[in-house]
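Engineer: Structure incoming, see below.
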Amino acid sequence: MKFLVLVVATFFLFSCVQNSQKSEADTIQNINTQSNAEIQFDKEKVDFGIIPQDTLVTALYQIKNIGSDTLKITDIQPDCSCTSFYVSKFKIAPNDTASVKLNINTFHKHGNIEQYTVLVTNTKKKFYSLKNTAIVN
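Take the sequence shown: its letters are residues -20 to -1, 1 to 117, numbered as in mature numbering (1 follows the signal peptide of the UniProt record, and there is no 0).
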């Protein structure tokens, strides 16, 4: 009986080691096959100046893929629920362009505002921040 328990325990131990080695190999392979997509913005900040309270303003950003692989926007994260977004394409071929439209509602806002929206991509940098500022009267 002790022999059987020892054999089963040894089997499980070796199977865990093999799975760990496979996982490390997969991670190394994923690191080595990073995308060659590169993102270029026409701007990374829009200043609306002085605007009235309770209005909707729109910032339009143009994105170009200057890399050799398809650029993928995997997530967009505005820092405020007052910001909605529209993306013309989530997959951008090399040398192609897309647009990101950010709609900011100034309802119940007052004074200086800074709003950030983060784009998550498959580029080497991964995260890009778009900034919108205004003075709300």
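Glycine included, every Cβ here is placed at the ideal spot set by N, Cα and C. These numbers were taken from a predicted model, which means no experiment stands behind them.
Can you give, in chain order, each stretch of the beta strand (DSSP E) that sits fully within the region 70 to 112 and has at least 3 residues?
Structural biologist: The region 70 to 112 contains these whole beta strand (DSSP E) runs: 77 to 85, 91 to 101.
Engineer: Pull up the CB-CB distance for residue 51 and residue 79, whole angstroms please, since I reckon it's below 8 Å.
Structural biologist: Against the sequence shown, residue 51 aligns to sequence position 71. Against the sequence shown, residue 79 aligns to sequence position 99. Contact flag wrong, Cβ pair sits at about 13 Å.
Engineer: From the DSSP output, in three-state form, read off residue 50 for me.
Structural biologist: Position 70 of the sequence shown, counted from the start, is the residue given in the question as residue 50. Three-state result, residue 50: coil.
Engineer: Can you confirm whether the region 48 to 63 touches the region 24 to 31 when touching is taken to mean that 3 or more C-beta pairs between the two stretches lie within less than 8 Å?
Structural biologist: No: fewer than three Cβ pairs fall under 8 Å.
Engineer: From the DSSP output, in three-state form, read off residue 11 for me.
Structural biologist: By 1-based counting over the sequence shown, the position of residue 11 is 31. Low local confidence applies: a pLDDT of 46 at residue 11 is under 50, so the model's placement there is unreliable, with the coordinate-based value given in what follows. In the structure shown, residue 11 sits in a helix (DSSP, three-state: H, G or I).
Engineer: From the DSSP secondary-structure annotation, give me the bridge partner or partners of residue 17.
Structural biologist: Locating residue 17 in the sequence shown gives position 37, counting from the first residue. DSSP output for residue 17 lists no bridge partner at all.
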